[in-house]
Amino acid sequence: MRWSKVVSLHFNNERRLVYLAIMIILLYLSPLVILGENAHIRVHDNLDSNLAWYRVLAESGKMFGSLNAVIPQIINGLPRNAFGTEWSGIVMLYAYLPTMAAYTINQAITRMAAFFGMYFLLKKHFIDKKEWGLIRVGAALAFALTPFWPSGMLSTLGMPLALYAFLNIRNGERDIKNWLILAFLPLYSSFVLGFFFFLFAMGLLWITDVMRGKGWNLTFLGAVLFMTSIYFLVEYRLVSSFFLAGEPNSRDEYFHARLSMWRVLRLSVKNYLLGHTHVMTVHGLIILPLTLIALYAVLAKKQWKQEKRFLFLMALNLALSFWYAFWFYKGWVPLTKKFHFLDTFNFARFHFLRPLILYILFAQALRILWIHKVFSQRIASFFIIFQLAVLAGFNDEIIYHSKPTVKEFYAENVFKEINKYIDRPQKEYRVASIGIHPAIAQYNGFYTLDTYNNFYPLAYKYQFRKIIEKELAKNKYIKQYFDTWGGRCYIFTSQLEKRYMIKKDSKQKLTNLQLNMKPFKELGGEYIFSALPISNAKENHLQFVKSFTSKEAAWKIYLYQVKL
105 MRWSKVVSLH FNNERRLVYL AIMIILLYLS PLVILGENAH IRVHDNLDSN LAWYRVLAES
165 GKMFGSLNAV IPQIINGLPR NAFGTEWSGI VMLYAYLPTM AAYTINQAIT RMAAFFGMYF
225 LLKKHFIDKK EWGLIRVGAA LAFALTPFWP SGMLSTLGMP LALYAFLNIR NGERDIKNWL
285 ILAFLPLYSS FVLGFFFFLF AMGLLWITDV MRGKGWNLTF LGAVLFMTSI YFLVEYRLVS
345 SFFLAGEPNS RDEYFHARLS MWRVLRLSVK NYLLGHTHVM TVHGLIILPL TLIALYAVLA
405 KKQWKQEKRF LFLMALNLAL SFWYAFWFYK GWVPLTKKFH FLDTFNFARF HFLRPLILYI
465 LFAQALRILW IHKVFSQRIA SFFIIFQLAV LAGFNDEIIY HSKPTVKEFY AENVFKEINK
525 YIDRPQKEYR VASIGIHPAI AQYNGFYTLD TYNNFYPLAY KYQFRKIIEK ELAKNKYIKQ
585 YFDTWGGRCY IFTSQLEKRY MIKKDSKQKL TNLQLNMKPF KELGGEYIFS ALPISNAKEN
645 HLQFVKSFTS KEAAWKIYLY QVKL
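To convert, count from 1 in the sequence shown and add 104; that's the numbering used here.
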């Protein structure tokens, strides 16, 4: 049987296509199930932070702590609010399941919800004809396989499901399922990392309807307020931190507006073509050319009135890329000085709407080129298969194959040896790391003076800075990085700069290191976990104790004790 007939046979039944899509998603996730801790997954804003945070929070006994509670394991008392709400589904997963089980289930929940959300949205509101089932299922499956940020959960991949519910309510539908969707999504997504911007867009849609004479539609407005209110309840820790006055925190020194207009334009183009690490859309190779061809077809055939939504989404996609880059334009400085919240809240994240927009555009472009006979159903299927093939290449097991596995990264057997060697309760002393992420020590139960967190007391940042002030003075790059952000409160060195994953096969040595160990000792610090030997340890009042490694670890840890 010819390939075209095989394709046609399998693509005639939409239900079979849905089942096939589910099987592909499960196949995509299978390395996590098969390999477990030997799987390769994202390090940045994942292994180096969130996964360790969940374990620390679960073991702290402060998951349901008060607004004033602190987590003693980190920086001698990290505010409990820095770890977000306990009512988040992902926090619950990691609290009651092993790390990789929680990670795998989170991936499955997110990708399945992404698929069905986009599928229902397209089927009812954008690609509604029966013969377009291939486009609906194909675009939804492609959307579900995008390499999203894991701890974001449904913050971006849940937007199609939310839009489906909102458009149903806007159109007068009284089905309870729409309200249940709006009620439950806040339990498995983030307000500031996605849905603030989505709900702002829904508010603008309501205002636009009113201005166009479509009536006040108070039910639709009520739906927007309803979902916002639930987010405020779920994210009560965030709300209290933002609105209630407290001690200054590290976010108060965050400074974003530093780019020239030329660099803004370059960043706009980069974002438009490639996307962003937290909302990777993988659209540049297939989707972008298709949408541009469809745009040409619409304009050439003078179909702009019939394709108003397609043209609007094309313009919005472009505008969001420019807005993202423009947020970092140095011309904002006068306003940020006057209105401090413009620095502490990242309004650039409106571009988090782009995955939703781009995959609706993908489906719309396929539909436009199909109905205008630019290509056939068979060719449409090939474009979908090509996009799925590109996305398959972005599977974690492929793109992170050169990074440590989960087991190698956290190196639990090595840190158990260190803990056994020190032979003291971990809460009695403090440690810090050089050349590896402090999340590794935290994950293994050590109490750390260094950390990577969204916010922490500004006074602590100043205390910690004394330890590394000589190293910062030698390197403008890390000095600016620490002083104008400080989210990574690490022991930076001029030699290593922002390298925190020095593997055990490195032949380097730390030379000319200049740390102030007196403030380190005053904060309770007694040990340094270094990924490299320190050639001038004595000058830094450090005594080498022993090195630790294993076949299952990515690191060789040189244990140093402070001697003052």
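All C-beta atoms, glycine included, are put in the ideal place defined by N, C-alpha and C.
Return the CA-CA distance between residue i and residue j, expressed in angstroms with no decimal places.
{"i": "Ala199", "j": "Leu133", "result": "22 Å"}
{"i": "Ala244", "j": "Leu646", "result": "56 Å"}
{"i": "Ser255", "j": "Gly262", "result": "13 Å"}
{"i": "Asn616", "j": "Tyr504", "result": "33 Å"}
{"i": "Phe652", "j": "Tyr158", "result": "26 Å"}
{"i": "Met315", "j": "Leu308", "result": "10 Å"}
{"i": "Leu271", "j": "Leu424", "result": "22 Å"}
{"i": "Phe300", "j": "Ile488", "result": "31 Å"}
{"i": "Leu342", "j": "Gly188", "result": "7 Å"}
{"i": "Ile311", "j": "Thr323", "result": "13 Å"}
{"i": "Glu411", "j": "Leu394", "result": "15 Å"}
{"i": "Lys166", "j": "Val195", "result": "12 Å"}
{"i": "Lys228", "j": "Tyr268", "result": "8 Å"}
{"i": "Tyr376", "j": "Arg453", "result": "14 Å"}
{"i": "Ser372", "j": "Phe456", "result": "14 Å"}
{"i": "Asn450", "j": "Thr588", "result": "14 Å"}
{"i": "Val110", "j": "Gln468", "result": "Residue confidence is low: Val110 scores 42 on pLDDT, short of 50, so the model does not pin down where it sits. Its coordinate-derived value is still stated next. Each residue's Cα considered, the two are about 25 Å apart."}
{"i": "Met127", "j": "Ala212", "result": "12 Å"}
{"i": "Phe466", "j": "Gln599", "result": "46 Å"}
{"i": "Ala429", "j": "Ile179", "result": "33 Å"}
{"i": "Phe295", "j": "Val666", "result": "43 Å"}
{"i": "Ser354", "j": "Arg603", "result": "22 Å"}
{"i": "Pro623", "j": "Gln567", "result": "7 Å"}
{"i": "Glu516", "j": "Lys642", "result": "29 Å"}
{"i": "Ile529", "j": "Asn548", "result": "A small fix is needed here, since residue 529 is Pro in this sequence, not Ile. For Pro529 and Asn548, the distance between alpha carbons rounds to 13 Å."}
Does residue i come out as helix, strand or coil in the three-state DSSP assignment?
{"i": "Val478", "result": "coil"}
{"i": "Trp107", "result": "Reliability fails at Trp107, whose pLDDT of 41 lies under 50, so the model's placement of it is uncertain and the value that follows must be treated cautiously. Reduced to three states, the DSSP call for Trp107 is helix."}
{"i": "Pro529", "result": "coil"}
{"i": "Lys228", "result": "helix"}
{"i": "Arg603", "result": "coil"}
{"i": "Leu668", "result": "coil"}
{"i": "Leu168", "result": "The residue you asked about is not Leu; residue 168 is Phe in the sequence shown. Coil."}
{"i": "Arg370", "result": "helix"}
{"i": "Leu617", "result": "coil"}
{"i": "Leu646", "result": "strand"}
{"i": "Tyr662", "result": "strand"}
{"i": "Arg592", "result": "strand"}
{"i": "Ile638", "result": "strand"}
{"i": "Ser485", "result": "helix"}
{"i": "Pro542", "result": "helix"}
{"i": "Pro183", "result": "strand"}
{"i": "Lys570", "result": "helix"}
{"i": "Phe454", "result": "helix"}
{"i": "Asp290", "result": "Looking at the sequence itself, residue 290 is Pro, so the reference to Asp does not match. Three-state result, Pro290: helix."}
{"i": "Thr509", "result": "coil"}
Based on DSSP bridge pairs, tell me the residues matched to residue i.
{"i": "Val383", "result": "Phe252 and His380"}
{"i": "Ser537", "result": "Phe633"}
{"i": "Thr552", "result": "Ile178 and Val535"}
{"i": "Pro135", "result": "In the DSSP output, where bridge partners are listed per residue, Pro135 has none listed."}
{"i": "Arg471", "result": "None, per the DSSP bridge assignment."}
{"i": "Tyr514", "result": "Bridge partners of Tyr514: none, in fact."}
{"i": "Phe652", "result": "Ile661"}
{"i": "Leu363", "result": "Tyr433"}
{"i": "Asn353", "result": "Pro561"}
{"i": "Pro623", "result": "None; Pro623 has no bridge partner."}
Measure the beta-carbon distance from residue i to residue j and round it to whole angstroms, keeping in mind my assumption that it falls under 8 Å.
{"i": "Ser574", "j": "Gln618", "result": "Checking the sequence, you will find Lys at residue 574 rather than Ser. With a Cβ gap of about 4 Å, Lys574 and Gln618 count as contacting."}
{"i": "Ala327", "j": "Ile273", "result": "5 Å"}
{"i": "Tyr556", "j": "Ala543", "result": "6 Å"}
{"i": "Asn142", "j": "Thr597", "result": "No, Asn142 and Thr597 are not in contact; Cβ-Cβ is about 31 Å, not under 8 Å."}
{"i": "Gly193", "j": "Leu291", "result": "5 Å"}
{"i": "Leu492", "j": "Ile397", "result": "Not a contact, Cβ separation roughly 19 Å."}
{"i": "Ser634", "j": "Ile538", "result": "4 Å"}
{"i": "Leu627", "j": "Leu553", "result": "5 Å"}
{"i": "Val535", "j": "Tyr594", "result": "Not quite, the Cβ-Cβ distance comes to about 13 Å (not below 8 Å), so this is no contact."}
{"i": "Tyr463", "j": "Leu363", "result": "Not really, about 29 Å apart at Cβ, beyond 8 Å."}
{"i": "Ile461", "j": "Leu403", "result": "Contact doesn't hold; Cβ gap of about 19 Å is too wide."}
{"i": "Lys650", "j": "Leu663", "result": "5 Å"}
Beta-carbon of residue i versus every beta-carbon of chain B: anything under 8 Å?
{"i": "Thr312", "result": "Structure shown: chain B not included; a single protein chain is present."}
| task | Could you say if the stretch 155 to 169 and the stretch 387 to 401 meet the contact criterion of at least three C-beta pairs nearer than 8 Å? | result | no
| said: Would you call the stretch 511 to 518 in contact with the stretch 650 to 668, where contact means no fewer than 3 C-beta pairs closer than 8 Å? | reply: yes
| request: Please determine if the stretch 572 to 586 and the stretch 467 to 482 are in contact, where contact requires at least 3 C-beta pairs separated by less than 8 Å. | output: no
| Is the stretch 210 to 218 close to the stretch 235 to 249, with three or more CB pairs under 8 Å? | yes
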